[in-house]
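Residue numbers (my numbering): 78 to 209. Here a beta-carbon is modelled for each residue, glycine too, at the ideal position from N, C-alpha and C. Below is one structure; the comments refer to it alone.
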Amino acid sequence: MLQVAPPAMQTILDRVVIAAAQLMAAGSLEEALGAWEAHTARFPSDQEALQARQQVEEAIAARERAERHARLSAEVRGRAAACLAAGDRRGALRAWEGLVSEYQEDAEADCAAGRLRQEIAAEERRAALAEV
78 MLQVAPPAMQ
88 TILDRVVIAA
98 AQLMAAGSLE
108 EALGAWEAHT
118 ARFPSDQEAL
128 QARQQVEEAI
138 AARERAERHA
148 RLSAEVRGRA
158 AACLAAGDRR
168 GALRAWEGLV
178 SEYQEDAEAD
188 CAAGRLRQEI
198 AAEERRAALA
208 EV
């Protein structure tokens, strides 16, 4: 059965939609979330508002994940470079693999880890042949 919001609630919802959209366009996701939280606290059965609030929460989570990924990626690049400068390929590999384990979509980390695995394997083959 179709539920129609009372006119007063619809007017409030329209204002919240406009305000939240403006805040999101300005990059103020937390403020947009606050607008939706205030509205859903007042109208807890408003499914449209609940869905919009959830979308803003997901956008915030995605932004935070991307920011964390960028920070972690920079840290790993530095750590891996320091390991390689010290001749520690395995340390560099561990650093890149740690990033790949959390961010499988990170092509740079995956490629660097793959390259290091190949280099380590080639080094081990050379060492084994030298023992013969």
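| Item | Value |
| --- | --- |
| For the region 191-199 against the region 167-176, are there 3 or more C-beta pairs whose distance is under 8 Å? | yes |
| Roughly how many whole angstroms lie between the Cα atoms of Phe120 and Arg167? | 56 Å |
| According to the Cβ coordinates, are Ala169 and Ala157 closer than 7 Å? | yes |
| Which word fits Leu206, buried or exposed, when buried means at least 16 other C-beta atoms lie within 10 angstroms of its C-beta? | exposed |
| My assumption, with CB atoms under 8 Å, is that Leu106 sits in contact with Ala129. Please give the rounded CB distance. | Between Ala129 and Leu106 the Cβ distance is about 12 Å, and since that is not below 8 Å, they are no contact. |
| Going by beta-carbon coordinates alone, are Val93 and Ala118 separated by less than 7 Å? | no |
| DSSP three-state call for Glu182: helix, strand or coil? | coil |
| Can you tell me whether Ala151 is helix, strand or coil according to DSSP? | helix |
| Pick out whichever of Ser122, Ile95 and Ala186 has its Cα sitting closest to the Cα of His146. | Ala186 |
| Please give me, in chain order, every unbroken run of the beta strand (DSSP E) with length at least 3 that falls completely inside the region 99-133. | none |
| According to the neighbour-count rule (16 or more other Cβ atoms, all chains shown, within 10 Å of its Cβ), is Asp123 buried or exposed? | buried |
| Measuring straight from C-alpha to C-alpha, what distance separates Ala204 and Ala103? | 58 Å |
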